[in-house]
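Using the working numbering, the letters of the sequence shown correspond one by one to residues 116 to 788.
Just so you know, even glycine gets a beta-carbon here, dropped at the ideal spot from N, CA and C.
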Amino acid sequence: MKFFIRTFSFLFFILSVFSLQAQKKSKGIHSSSKKEKGLIVHKFNPADTSSIVRFPKIDFKNINVISDYYKPAKLAEISRLKKNKQWDKFMKVLYDYVSNFGIGNFIYDIDKIWQLARVSESKGELDLAKDLYKIIIKHYRGDLQKALNHYDSIAYFDKVLYASIEDYYRLIEKRKQIDTLKPPKDILLDMGEGVNSPFDDYGLTISGLNDDIIFFTSSRNQDTSKIANDIKGAKENEDIYISKKDHDMDEWTPAIPFQHLNSKFNEGSPCMSRDGEKIVFARCSSPDGLGDCDLYITYKAVDSTWSEPENLGEEINSYAWDSHPAFSRGGDTLYFASSRRGGFGGSDIYYSVQDEKNRWGKAKNIGPIINTRDSEVSPFPHPKYNVLYFSSNGQLLNFGEFDIFKTFSEEGKWSEPYNVGPLVNGEGSEFYFTIDAESKWLFYAKSVEINNKNLDLQSFPLPMDAKPNNTIRFSGKIIEPTTGEVFKGVVTIIDLDHGDEVAPRKTFEDGSFEFDLIDKRNYLVIVEGDNFFKIEEMFFLDGDMELELKATNVSKVVTFKSIDFAKGSSKLEAKMENNLHLIIDFLISHEEFNLRITGHTDSDGDAGKNLALSQERAQVIKDYIISYGGLEGLRVEAIGMGNTAPIIETEITEEDKHKNRRVEFKLFRPGFE
């Protein structure tokens, strides 16, 4: 029995023998006697509406009260109002009806949510419409294209346009070449041979005064002999292991079995309370279990031994698969994953609250904002902030199979889950997300391959997008100040105070971008694109902030005020270097471009000497660019024009002469001029 989720089906509400292994459970569905009708496009004319009534986000208060909501009289009224095009009343009655939905309605009555989303959009209730379209996308079991089209049409600027992980590593390499900033922190760091094995290693919890003890699950203890394989296949066995951090060596010691909890059955997914006094874990196929895998609790004694594990009972466990426990920051709420009947999908996240007598209450479903028609597993409440992390394969944005998400608790309501980004999530699956108490390091199980092959435990500094307190909005726009032209590119943010990495993002079509950052810190924003020079600007974030970044178009001939040689001189000055580095950075990042440097003088003096001087100036700039950038000489061309190509034909004033004395830069793709 494994601690991931083995393939199962809800087609006829038949539960197979489940595994605790989350990634081996398929996308389950509930049975339905109704034939799928599809999402019918209803036309709502805004001209038919009159009053403006703001409708708040729906709480779905009946999720843990009733299985489904069905009122024939209300349905008849909704149908009549729709037929008569009384859209104001139609929306109000339909809103009230949908607000009473139980879990079953998300399977059989999703068309009601679709109608409410459509009329909300038509009436300009876009926030409500977006929330409803998200629910449809996460819960509808038919063709999602119509819902996706409507959602995309009103929520384009709500999306996070992450740059690819390949772009991220490319930017890192370029930064190493051209920036004096310290390199970014490493990501995807394996926890080492002391922790990981050739078998699956996952389900980690942290303990110790300095977060220097870990408990985790491993399938390394199994019979892989040829005889066992020939007769019945390798016998798998999951046990809980323990490892300690050797601070002198900066590595984890070789893991040993945690004998207090391990038995002849399968144990895994340990969760320790913050005070270190109790552990909840999963055990499979035990005679005292209610289902395939149940949750058990054990208490630490005065002599540091652990009590005999106790089954948490029917209030928490079911006749299905129950695993992945996690304590809330106060220790009075237990979150876990379960494949029990009556949920939204394959595996849902549930929670149980402890009463004043330390008794665990009946488990409740966390609701349709987090749970989907697919699977949600491995919840992790942050130890300090009201943030819940979990793994899912059913949210709006997934980089691979199962990704890590976070959601904020706001006035008792969970926010729309947010993918923690490509620095954490990849093409495979990520599970069992855990953070140390200081929110500096993350720990999780990751499969780098598709189909969840061989989970390993990894740990590295927590990136910005995974932080629990990056709640301040930093936005901006890339624009050419004189023409108003907007540019698209890739935006990178560097935390100058703490060095937290921020995954780069693409700009929207209008040149705008948005990031969620931590307040009261110094940052550097870097913007790169194919048709403008790299932009770098430092800023201090003090509350929500919007910044307009000025871009210089490289498709035009460019001059810089700083590149102004002394009379009769071709010596480079320090003031010129910043602008020359813009050229260097662009050439390093865009290997398909070449550069032409053209020197010009005014009409004073001998024409031959002016020609030679302009050539010297262009050449010294070329030499600097090639030397500092490590570029091939053939990519940079230096031309001296003397006074043969003036901007002002007849020089009258000193200002006229100054305008004619210049160095021009032209970036171009060979063969495309």
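Checklist line | Ranges of the beta strand (DSSP E) found wholly within the stretch 529-594, counting only runs of at least 3 | finding: 544-550, 556-562, 571-576 and 587-594
Item checked: Integer Cβ distance of residue 235 from residue 247, believed to fall under 8 Å -> Right, the Cβ-Cβ distance comes to about 6 Å (below 8 Å), so this counts as a contact.
Notebook entry, point to check: Which of the three DSSP states, helix, strand or coil, is assigned to residue 266?
Noted result: Here residue 266 sits in helix by DSSP.
Check: How about the stretch 763-779 and the stretch 693-703: do they share at least three Cβ pairs that are nearer than 8 Å?
Finding: no
Notebook entry, point to check: In its own chain, which residues sit with a C-beta less than 6 Å from the C-beta of residue 335, not counting the 5 before and 5 after it?
Noted result: 312 and 314
Note to self: Can you find the residues in the same chain that come closer than 7 Å, C-beta to C-beta, to residue 699, ignoring five residues on each side of it along the sequence?
What the structure shows: 293, 740, 743 and 744
Note to self: Quick check: the stretch 635-646 against the stretch 747-765, are at least 3 beta-carbon pairs closer than 8 Å?
What the structure shows: No, because fewer than three Cβ pairs between the stretch 747-765 and the stretch 635-646 fall closer than 8 Å, the two stretches do not touch.
Check: What does a CB cutoff of less than 6 Å around residue 385 pick up in its chain, not counting 5 residues either side in sequence?
Finding: 320, 330, 355, 394 and 396
Item checked: Buried versus exposed, by CB contacts within 10 Å (16 or more), residue 784 -> exposed
Next item on the list: Determine the closest residue to residue 357 out of 728, 204, 327 and 365, with distance taken between C-alpha atoms.
Entry: The shortest Cα separation from residue 357 among 728, 204, 327 and 365 belongs to 327.
Next item on the list: Within the same chain, show all residues whose beta-carbon is closer than 6 Å to that of residue 205, passing over the 5 residues directly before and after it, in chain order.
Entry: For residue 205, where only same-chain residues beyond five positions count, the Cβ hits under 6 Å are 196 and 197.
Checklist line | Coil, strand or helix - residue 782 by DSSP | finding: strand
Notebook entry, point to check: How many whole angstroms separate the CB atoms of residue 437 and residue 460, which I take to be in contact at a CB cut-off of 8 Å?
Noted result: That belief does not hold up - the Cβ atoms of residue 437 and residue 460 are roughly 16 Å apart, past 8 Å.
Next item on the list: At 4 residues or longer, and completely inside the stretch 162-225: list those alpha helix (DSSP H) runs for me, N to C.
Entry: Inside the stretch 162-225, DSSP marks whole alpha helix (DSSP H) runs of 4 or more residues at positions 187-198, 202-214 and 220-223, from first to last along the chain.
Next item on the list: For residue 427, count neighbouring C-beta atoms within 10 Å of its own C-beta (all shown protein chains included) and say buried if the count is 16 or more, exposed if not.
Entry: Residue 427 comes out buried.
Notebook entry, point to check: Of the choices 687, 550 and 401, whose alpha-carbon is the least far from that of residue 87?
Noted result: Residue 87 lies beyond the stretch modelled for the chain, which goes from 116 to 788, so this question has no answer here.
Check: Smallest Cα separation from residue 603: which of 250, 217, 276 and 239?
Finding: 276
Notebook entry, point to check: Based on the DSSP output, what are the partners of residue 469 in its beta bridges?
Noted result: Paired residues: 475.
Next item on the list: May I ask you to report which of helix, strand or coil DSSP gives residue 271?
Entry: helix
Note to self: To the nearest angstrom, how far is the alpha carbon of residue 782 from that of residue 680?
What the structure shows: 22 Å
Margin query: Give me the DSSP bridge partner(s) of residue 488.
Written below: According to DSSP, residue 488 bridges with nothing at all.
Next item on the list: Using the Cα positions of residue 668 and residue 595, report the straight-line distance between them to the nearest angstrom.
Entry: 7 Å
Next item on the list: Name, in chain order, the residues that DSSP records as bridge partners for residue 710.
Entry: 751 and 782
Check: From residue 720 to residue 754, what distance separates their C-alpha atoms?
Finding: Spanning the two alpha carbons is a distance of roughly 20 Å.
Notebook entry, point to check: Going along the chain, which residues of its own chain have a beta-carbon closer than 6 Å to the beta-carbon of residue 609, five neighbours each way excluded?
Noted result: Hits under 6 Å: 639.
Check: In terms of DSSP beta bridges, what is residue 452 paired with?
Finding: 438 and 464
Check: Which word fits residue 683, buried or exposed, when buried means at least 16 other C-beta atoms lie within 10 angstroms of its C-beta?
Finding: It is exposed - the Cβ of residue 683 has fewer than 16 other Cβ atoms within 10 Å.
Margin query: Tell me the residue span of the alpha helix (DSSP H) that contains residue 739.
Written below: DSSP places residue 739 in the uninterrupted alpha helix (DSSP H) bounded by 722-744.
Checklist line | Assigned exposure category for residue 689 - 16 Cβ within 10 Å defines buried | finding: exposed
Note to self: So, for residue 548: in the same chain, excluding its five sequence neighbours on each side, which residues have a beta-carbon less than 6 Å away from its beta-carbon?
What the structure shows: 495, 504, 519 and 559
Next item on the list: From the DSSP output, in three-state form, read off residue 701 for me.
Entry: Note: residue 701 maps to helix in three-state DSSP.
Notebook entry, point to check: Hey, residue 628 and residue 606 are a contact pair by Cβ (cut 8 Å); roughly how many whole angstroms apart?
Noted result: Taking 8 Å as the upper bound for CB-CB distance, residue 628 and residue 606 are in contact here, some 5 Å apart.
Checklist line | Candidates 573, 190 and 584, of which the one nearest residue 554 by Cα | finding: Looking only at 573, 190 and 584, the smallest Cα-Cα distance to residue 554 is reached by 584.
Notebook entry, point to check: Among 447, 465 and 618, which one has its Cα closest to the Cα of residue 471?
Noted result: 447
Next item on the list: Please state whether DSSP places residue 333 in a helix, a strand or coil.
Entry: strand
Item checked: Exposure of residue 715, with buried meaning 16 or more beta-carbon neighbours within 10 Å -> Flag for residue 715 reads buried.
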